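Quick note: this note's numbering has the sequence shown finishing at residue 317, numbered continuously throughout. In this text, a Cβ means the ideal position worked out from N, Cα and C, and glycines have one as well. Keep in mind the model is a prediction, meaning the values are calculated, not measured. Okay, structure first, notes after.
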Amino acid sequence: MNTTETSTVHSHQNHTGADADTVAMAEMLELDAEVLGTYLSELTAWLDELTDREPRRIVDLGSGTGTGAIALARRFARADVTAVDLSPQMLHRLTKKASALGLADRVIGVQADLNDGWPTLDTCDLVWAAASLHHMADPDHVLAGAFDALRPGGLLALTEMDFFPRFLPDDIGVGSPGLEARIHAALSPGPAVDWTDHLARTGFALEARRPFTIDLPAPLPTAAARYAQVCLRKLRSHLDEQLPAEDLAALDAVLDSEGPHSVLRREDLTVRTTRTTWAARRL
Ligand SMILES: C[S@@+](CC[C@H](N)C(=O)[O-])C[C@H]1O[C@@H](n2cnc3c(N)ncnc32)[C@H](O)[C@@H]1O
35 MNTTETSTVH SHQNHTGADA DTVAMAEMLE LDAEVLGTYL SELTAWLDEL
85 TDREPRRIVD LGSGTGTGAI ALARRFARAD VTAVDLSPQM LHRLTKKASA
135 LGLADRVIGV QADLNDGWPT LDTCDLVWAA ASLHHMADPD HVLAGAFDAL
185 RPGGLLALTE MDFFPRFLPD DIGVGSPGLE ARIHAALSPG PAVDWTDHLA
235 RTGFALEARR PFTIDLPAPL PTAAARYAQV CLRKLRSHLD EQLPAEDLAA
285 LDAVLDSEGP HSVLRREDLT VRTTRTTWAA RRL
């Protein structure tokens, strides 16, 4: 298959349509990494305990802007990390970030559509896939590729969000109490996928399935407020016709950067979510 190293990839300057969506997603991922840094550190420390020897080759599937790839490069100081993603824009950001952190020689982006199969990569010790497997057309096929790419004893770490983060108190001081609950009820995303059976049928031995609870109390730093704003803005883009006008107006008041109810000025914001990691081994 065709793969492209990101040193040759340039981001687009005019953001329209799908491009604008990618930019918004990239900003959300970067704020996510910043705001949830403690969780990420806890997760990579746990993987350090689970690996049977120090990883030297790591693959990050659907790396986005590099949250996992960079956290892993920092945790495992002698490892090379290959970050695979469909999107040149995501990989461009990843490459810039890796350079700024002095990790350019150890974190390499590879552009590839994992729906078309695995890029040609060396055998690895650790495969990481965070919030990406549910995007794939045939996740079991991707998992089978991960199994083949790992050496015996190698580890797969698969992480997914159990539910979209919650930020607001019940009463936000505008509109009727319970707005955020109504937003999520209206969007009704359904339960998160349980990957346990998928791992078993692709040959992996499950080591652990660990939920991580994230509960950041108020008051929160500015990055958390911006994170809340980009996340709630993403939800807002799906809510026309889904909620009464009063609720949409209240949400717009929260999203308005300048207004008195703005998410950027609130002192009652929190971040509450859980993410589950499946750690599975190729025996
Ligand atoms: C929600 S983001 C998660 C990014 C990153 N793993 C993180 O935790 O911040 C999902 C990523 O998967 C990538 N992706 C989706 N489908 C893909 C495919 N078929 N092949 C490669 N990457 C894909 C997207 O471009 C996006 O960067």
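So does residue i have its beta carbon nearer than 6 Å to some heavy atom of ligand 1?
i, result
"A165", "yes"
"L148", "yes"
"T101", "yes"
"L120", "yes"
"M124", "yes"
"L63", "yes"
"G98", "yes"
"H169", "yes"
What residue range is occupied by the uninterrupted alpha helix (DSSP H) comprising residue i?
i, result
"V69", "52-69"
"G263", "Per the sequence shown, the amino acid found at residue 263 is Gln instead of Gly. Taken as a continuous stretch (DSSP letters only), the alpha helix (DSSP H) holding Q263 covers 256-270."
"R127", "122-134"
"L95", "Run containing L95: none in the alpha helix (DSSP H); it sits in the beta strand (DSSP E), 91-95."
"T154", "From DSSP, T154 is part of no alpha helix (DSSP H); its letter is neither H nor E."
"D290", "Element bounds for D290: n/a, residue is neither H nor E."
"D182", "173-183"
"D231", "230-235"
"I217", "213-221"
Counting only the same chain and skipping the five closest in sequence on each side, list residues whose C-beta sits under 8 Å from that of residue i.
i, result
"F197", "H218, P223, A226, T307, T308"
"R127", "S45, A60, E64, T99, G100"
"E39", "At E39 the pLDDT is 45, less than 50, meaning the model places this residue with poor confidence and gives no usable figure here."
"D228", "none"
"T310", "T193, E194, D196, A226, R243, R244, P245, F246"
Is residue i close to chain D, meaning its C-beta is less than 7 Å from at least one C-beta of that chain?
i, result
"D231", "Absence of chain D from the displayed structure is noted, only one protein chain being present."
Just reading off the beta strand (DSSP E) that residue i is part of, what are its end residues?
i, result
"R244", "239-250"
"G102", "Where G102 is concerned, there is no enclosing beta strand (DSSP E), although the alpha helix (DSSP H) it sits in stretches over 101-109."
"A323", "Residue 323 lies beyond the stretch modelled for the chain, which goes from 35 to 317, so this question has no answer here."
"Q145", "141-145"
"R316", "Per DSSP, R316 belongs to no beta strand (DSSP E) and is neither H nor E."
Can you give me the Cβ contacts of residue i inside the same chain, cut-off strictly under 6 Å, excluding the 5 residues immediately before and after it?
i, result
"L317", "A239"
"A67", "T101"
"M62", "V264"
"A287", "V208, G293, H295"
"A242", "A313"
"G237", "F181"
"A164", "G102, T193"
"G187", "D86"
"R315", "L189, A239, E241"
If I measure Cβ to Cβ from residue i and keep anything under 7 Å in the same chain, skipping five residues before and after, which residues do I get?
i, result
"P89", "F110, A113, D159, L160"
"M35", "Any answer about M35 is weak, because its pLDDT of 39 lies below 50 and its placement is not dependable; what the coordinates show is given next. Hits under 7 Å: A146, D150, G151, P153."
"T78", "A105, L106, R109"
"D281", "G209, L213, R216"
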